[in-house]
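Q:
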Amino acid sequence: MVAGSWSPCAPLAWNQGFPTPLGGSSISTNPIKALDIRFSFSQFRKQHPWCEKAMIRTSLVVAVSMWPLLSIIQNMKIVPRYKYLFCINQIIPQYHRIFYSTQTTRITNYIPLIGLEIHAQLSAHNKLFTYVPYSFGAPPNTQLGLHDVAIPGSMPILNRHCLELAIIASIGLNCKINSITNFDRKHYFYTDLPAGYQITQYYKPISINGYLDYIWLRDHSIIEQLDPLYTEVIHSNNNQYYYRSHARIKCIQIEQDTGKSLHNIQRDCSLIDLNRSDVGLIEIVTEPDFNSSDQVAAFIMDLSRLLRHLKCCNAIGAFGELRVDVNVSIGQDIANQNPRVEIKNISTIHGVISSIGW
619 MVAGSWSPCA PLAWNQGFPT PLGGSSISTN PIKALDIRFS FSQFRKQHPW
669 CEKAMIRTSL VVAVSMWPLL SIIQNMKIVP RYKYLFCINQ IIPQYHRIFY
719 STQTTRITNY IPLIGLEIHA QLSAHNKLFT YVPYSFGAPP NTQLGLHDVA
769 IPGSMPILNR HCLELAIIAS IGLNCKINSI TNFDRKHYFY TDLPAGYQIT
819 QYYKPISING YLDYIWLRDH SIIEQLDPLY TEVIHSNNNQ YYYRSHARIK
869 CIQIEQDTGK SLHNIQRDCS LIDLNRSDVG LIEIVTEPDF NSSDQVAAFI
919 MDLSRLLRHL KCCNAIGAFG ELRVDVNVSI GQDIANQNPR VEIKNISTIH
969 GVISSIGW
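Sequential numbering of the sequence shown, starting at 619, is according to the numbering used here.
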């Protein structure tokens with residue numbers, strides 16, 4: 619970006635707090651006011667009118683994902699264009715719906731490279747390290763165990779059902795199950811994480827080296843310019859081609875979910891609901907094998923169907939059961955890419971397509 623010190627990945631949503639005894643800084647729960655944002659959109663628009671549209675798109679993504687400022691979003695009348703394409707059952711009977719994006723970019727000399735981190739909530743009745751039941755929509759802070767709120771002396775007890783569901787998902791995604799697996803602590807300080815760390819897997823995850831083949835659609839002329847990662851054409855119709863692509867899965871790891879923060883801008887405060895704390899998740903980490911939003915949308919749809927079929931995850935985005943972190947980098951070719959930007963906690967296919975398009 620050419621907007622001085624500002625970048626779309628800068629964490630502008632929160633003020634840094636005071637230093638902590640363990641190092642680092644705590645996070646304040648006060649949202650940044652509009653006056654504190656170090657970026658003048660009107661000034662940049664006057665200096666660079668040729669990229670006004672691109673800057674509106676970039677700013678809107680940051681506003682949706684980072685800034686709790688409704689005024690920024692309400693003034694932008696941009697609606698991302700996407701449509702569903704319903705396949706004829708005689709052509710591809712097992713794939714009833716394939717996403718087709720009509721978004722384009724103004725930068726035609728660069729190739730995007732996209733990787734995904736997909737957080738799927740396991741369909742277990744109890745939480746990961748306690749035997750407290752969890753259901754979506756319960757009154758706030760009514761489904762808590764001692765370990766969920768980090769009471770001193772409380773110890774985690776692994777839920778066997780969560781482990782079994784993670785193994786089933788790993789087998790369905792053609793992964794290699796590790797004979798020895800362990801958990802690690804990921805330390806960070808945030809209001810919805812009472813312990814100050816998250817129990818996850820890093821060094822020895824539950825499974826590694828998997829893959830998933832998926833079907834997607836794109837115009838052939840665009841494919842020739844952008845996408846060298848497709849494997850084969852399985853059907854063509856009016857210069858629109860169905861591709862079967864191969865996405866590599868780096869690892870699948872089990873981790874605990876965090877609580878939920880609800881930000882009240884009018885009262886300048888944040889409310890914390892810890893019902894979701896310690897719910898079992900699997901994080902599916904892919905290799906950067908995508909370079910268009912069409913591929914990503916098709917992959918997530920096929921992955922959701924597979925997890926539902928295996929009864930590992932209901933994959934309902936509205937309930938927070940499937941959340942996606944998108945890692946995007948761009949470059950003039952696949953080998954030479956610029957530093958990546960991570961867009962976190964996207965719960966809908968529509969949001970994934972929009973964030974990649976912008």
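Beta carbons are placed, not taken as given, at the ideal position from N, Cα and C, and that holds for glycine.
Keep in mind the model is a prediction, meaning the values are calculated, not measured.
Is it the case that the stretch 880-891 contacts the stretch 910-919, given that we only count it when at least three CB pairs across the two stretches are under 8 angstroms?
A: no
Q: Given F754, which residues of its chain have a CB within under 7 angstroms of its CB, disregarding the five upstream and five downstream residues?
A: Within the sequence shown, the letter at position 136 stands for residue 754. The residues are F937.
Q: What does G949 pair with, by DSSP beta-bridge criteria?
A: To locate residue 949, count along the sequence shown from 1; it is residue 331. Partner(s): I729.
Q: Can you tell me the Cβ-Cβ gap for V946 and I902, rounded? I've got them flagged as a contact below 8 angstroms.
A: What you label residue 946 is simply residue 328 of the sequence shown in a count that begins at 1. What you label residue 902 is simply residue 284 of the sequence shown in a count that begins at 1. Rounded, the Cβ-Cβ distance is 18 angstroms, inconsistent with contact.
Q: Roughly how many whole angstroms lie between the Cα atoms of C780 and L731?
A: For the purposes of this step, residue 780 is taken as the residue at position 162 of the sequence shown. For the purposes of this step, residue 731 is taken as the residue at position 113 of the sequence shown. Approximately 32 angstroms, taken between the alpha carbons.
Q: CB I736 to CB L921, shorter than 8 angstroms?
A: The residue labelled residue 736 in the question sits at position 118 within the sequence shown. The residue labelled residue 921 in the question sits at position 303 within the sequence shown. In contact: I736 and L921 (Cβ atoms closer than 8 angstroms).
Q: Taking the Cβ atom as the reference point for each residue, do L940 and S965 lie within a distance shorter than 8 angstroms?
A: Within the sequence shown, residue 940 is the residue found at index 322, counting from 1. Within the sequence shown, residue 965 is the residue found at index 347, counting from 1. Against a cut-off of 8 angstroms, the Cβ pair of S965 and L940 comes out as a contact.
Q: Closest to D896 by CA distance: which of V970, D912, T904, P751 is it?
A: Position 278 of the sequence shown, counted from the start, is the residue given in the question as residue 896. If we check each option's Cα against that of D896, P751 comes out closest.
Q: If we count the other Cβ atoms within 10 Å of its Cβ and call it buried at 16 or more, is R803 buried or exposed?
A: One-based indexing of the sequence shown puts residue 803 at position 185. Exposed is the call here.
Q: What's the call for K929, buried or exposed, on a 16-neighbour Cβ count within 10 Å?
A: The count along the sequence shown starts at 1 and reaches residue 929 at position 311. Looking at its Cβ environment, which holds fewer than 16 other Cβ atoms inside 10 Å, K929 is exposed.
Q: Within its chain, find whatever has a CB closer than 7 angstroms to the CB of I798; leave out the 5 residues flanking it on each side and keep chain order.
A: The residue you call residue 798 lines up with position 180 of the sequence shown. Around I798: K822.
Q: Note down, in chain order, each residue of its chain lying with its Cβ closer than 7 angstroms to the Cβ of P774, except the 5 sequence neighbours on either side.
A: Locating residue 774 in the sequence shown gives position 156, counting from the first residue. Around P774: F747, H765, I817.
Q: Since I believe T760 is in contact with N893 (beta carbons under 8 angstroms), could you give me their beta-carbon distance rounded to a whole number of angstroms?
A: Against the sequence shown, residue 893 aligns to sequence position 275. Against the sequence shown, residue 760 aligns to sequence position 142. That pair is a contact at about 7 angstroms.
Q: In the DSSP assignment, the beta strand (DSSP E) including C869 goes from what residue to what residue?
A: One-based indexing of the sequence shown puts residue 869 at position 251. Segment 858-874, the beta strand (DSSP E) holding C869.
Q: Per DSSP, G828 is paired with what?
A: Along the sequence shown, read from residue 1 onward, the residue named residue 828 stands at position 210. BP columns for G828 point to I867.
Q: Which two residues bound the contiguous alpha helix (DSSP H) that contains Q913?
A: Counted from its first residue, the sequence shown places residue 913 at position 295. From DSSP, the alpha helix (DSSP H) with Q913 extends over 911-927.
Q: Roughly how far, in whole angstroms, is the beta-carbon of V942 from the beta-carbon of L791, given that I think they are within contact range, below 8 angstroms?
A: For the purposes of this step, residue 942 is taken as the residue at position 324 of the sequence shown. For the purposes of this step, residue 791 is taken as the residue at position 173 of the sequence shown. Actually they do not touch by this definition, with Cβ atoms about 16 angstroms apart.
Q: Per DSSP, which one or two residues make a beta bridge with R941?
A: One-based indexing of the sequence shown puts residue 941 at position 323. Per DSSP, H737.
Q: Buried or exposed: where does A787 fall if 16 or more other Cβ atoms within 10 Å of its Cβ makes it buried?
A: As a working note, residue 787 is residue 169 in the sequence shown. Buried, since its Cβ has 16 or more Cβ neighbours within 10 Å.
Q: Got a sec? Which residues, its chain only, sit under 6 angstroms from K962 by beta carbon, not counting five neighbours each side?
A: The residue labelled residue 962 in the question sits at position 344 within the sequence shown. The residues are D943.
Q: Within a Cβ cutoff of 7 angstroms, which residues of the same chain sit near L889, ignoring the five residues on either side of it in sequence?
A: Translated into positions along the sequence shown, residue 889 becomes position 271. Around L889: L880, N882.
Q: Measuring only the C-alpha atoms, how far is T904 from H927?
A: Here residue 904 corresponds to residue number 286 of the sequence shown, with the count starting at 1. Here residue 927 corresponds to residue number 309 of the sequence shown, with the count starting at 1. If I take the Cα positions, the gap works out to 20 angstroms.
Q: Alpha carbon to alpha carbon, how far is S825 from C869?
A: Here the question's residue 825 lines up with position 207 in the sequence shown. Here the question's residue 869 lines up with position 251 in the sequence shown. Their backbone Cα atoms lie some 6 angstroms apart in a straight line.
Q: Taking the beta carbon of Q874 as the centre, do at least 16 other beta carbons fall within 10 Å, making it buried, or is it exposed?
A: Within the sequence shown, the letter at position 256 stands for residue 874. Answer is buried; the Cβ neighbour count reaches 16.
Q: Could you spell out the range, first to last residue, of the alpha helix (DSSP H) harbouring K797?
A: For the purposes of this step, residue 797 is taken as residue 179 along the sequence shown, with counting starting at 1. Here residue 797 is Ser; the residue named in the question, Lys, does not match the sequence. Going by DSSP, S797 is part of no alpha helix (DSSP H) at all; its letter is neither H nor E.
Q: P898 lies in the alpha helix (DSSP H); which residues open and close that run?
A: Numbered from its first residue, the sequence shown carries residue 898 at position 280. Contrary to the premise, residue 898 reads as Gly rather than Pro in this sequence. Looking at the DSSP string, G898 is not in any alpha helix (DSSP H); the run it does join, the beta strand (DSSP E), is 898-904.
Q: So, is N777 buried or exposed, given that buried needs 16 or more other C-beta atoms within 10 angstroms?
A: Sequence index remark: in the sequence shown, residue 777 carries index 159 (1-based). Looking at its Cβ environment, which holds 16 or more other Cβ atoms inside 10 Å, N777 is buried.
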